[in-house]
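Remarks on the structure that follows.
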Amino acid sequence: MSEHFDVLQVIRNRRSVRQFEPKPVEREKILTCIEAARLAPSADHVQPWRFVILDEPDVKNHFSREVFSGPYRFTRWAMKAPVLVVLLADLNFVVHRLAKVIQKIPYYLLDMGIGGEHFVLQAQSLGLGTCWIGWFNFKRAKQFLNISKGVRICGMIAVGYPASKLIPKEKKRKPLDELVHLNRWGNRITM
Ligand SMILES: Cc1cc2nc3c(=O)[nH]c(=O)nc-3n(C[C@H](O)[C@H](O)[C@H](O)COP(=O)(O)O)c2cc1C
Numbered sequence: 007m008s009e010h011f012d013v014l015q016v017i018r019n020r021r022s023v024r025q026f027e028p029k030p031v032e033r034e035k036i037l038t039c040i041e042a043a044r045l046a047p048s049a050d051h052v053q054p055w056r057f058v059i060l061d062e063p064d065v066k067n068h069f070s071r072e073v074f075s076g077p078y079r080f081t082r083w084a085m086k087a088p089v090l091v092v093l094l095a096d097l098n099f100v101v102h103r104l105a106k107v108i109q110k111i112p113y114y115l116l117d118m119g120i121g122g123e124h125f126v127l128q129a130q131s132l133g134l135g136t137c138w139i140g141w142f143n144f145k146r147a148k149q150f151l152n153i154s155k156g157v158r159i160c161g162m163i164a165v166g167y168p169a170s171k172l173i174p175k176e177k178k179r180k181p182l183d184e185l186v187h188l189n190r191w192g193n194r195i196t197m
């Protein structure tokens, strides 16, 4: 019989962590999180995700000063994250272009979201804290990292060991019955 892993428990325990222990994170653990992202589903199996790991303190600090300035200074807390992982999408896939025209949906962002969250949940199960970051200067990040044409920055994930006394409380969530419609829109479930 296969072993039972409680995914919901990992999901329940996850928080966006913005305060970290100063301890470095093993590169191997980051690569395990990327392995989890690599195994994610993607539209037409194009696997558009690419990752830049920033774990060298000097490079990371220089990068942080570039991308968390001006209106993005609200994200300065992330300067103290031991690792930043930039999420990028390769845009050169026909299925994504077709979806944009026909389905009017940027499929590559769906793919990136799924891959990124696989990363986050794997990190959680390794005892690491993470926070998705969308609020940073994409243009400067692109220049700093020398990103190729046809590759787009979609976000970033801050990673580190959570500052143990500062693990955030669970955020209030919308109840299930506000989110679910049964068989047709407007037909609510009663719980
Ligand atoms: C795509 C995305 C972008 C986000 N960008 C930021 C950000 O720039 N700065 C930040 O502090 N939190 C950011 N967050 C974290 C959210 O604020 C957080 O997930 C939400 O408040 C729920 O809290 P929880 O993750 O602790 O459950 C982002 C989350 C997502 C999914």
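Position in the sequence shown (first residue = 1) + 6 = our numbering.
Every residue, glycine too, gets a C-beta built ideally from N, C-alpha and C.
Please read these numbers as outputs of a predicted model, since none were measured by experiment.
V89 and D50 have their C-alpha atoms roughly 31 Å apart.
Runs of the beta strand (DSSP E) spanning 3 or more residues and lying entirely within the segment 122-184 occur at 135-139, 157-166, in chain order. Selection N189, L127, F150 evaluated against C39 yields L127 as nearest (Cα-Cα).
In this structure, V23 and I173 form a Cβ contact; the two beta carbons are roughly 7 Å apart against a cut-off of 8 Å.
The C-alpha of G122 is placed about 10 Å away from the C-alpha of R56. DSSP places L94 within a strand segment (E or B) once states are collapsed to three. Restricted to the segment 47-86, the alpha helix (DSSP H) segments that are unbroken, complete and at least 4 residues in length are 63-73, listed in chain order.
Minimum Cα-Cα distance from G133 among the listed residues R44, I108, P168, G156 corresponds to P168.
A direct Cα-to-Cα measurement between G135 and N98 gives close to 32 Å.
An exposed status is given to I111, since fewer than 16 other beta-carbon atoms sit within 10 Å of its beta-carbon.
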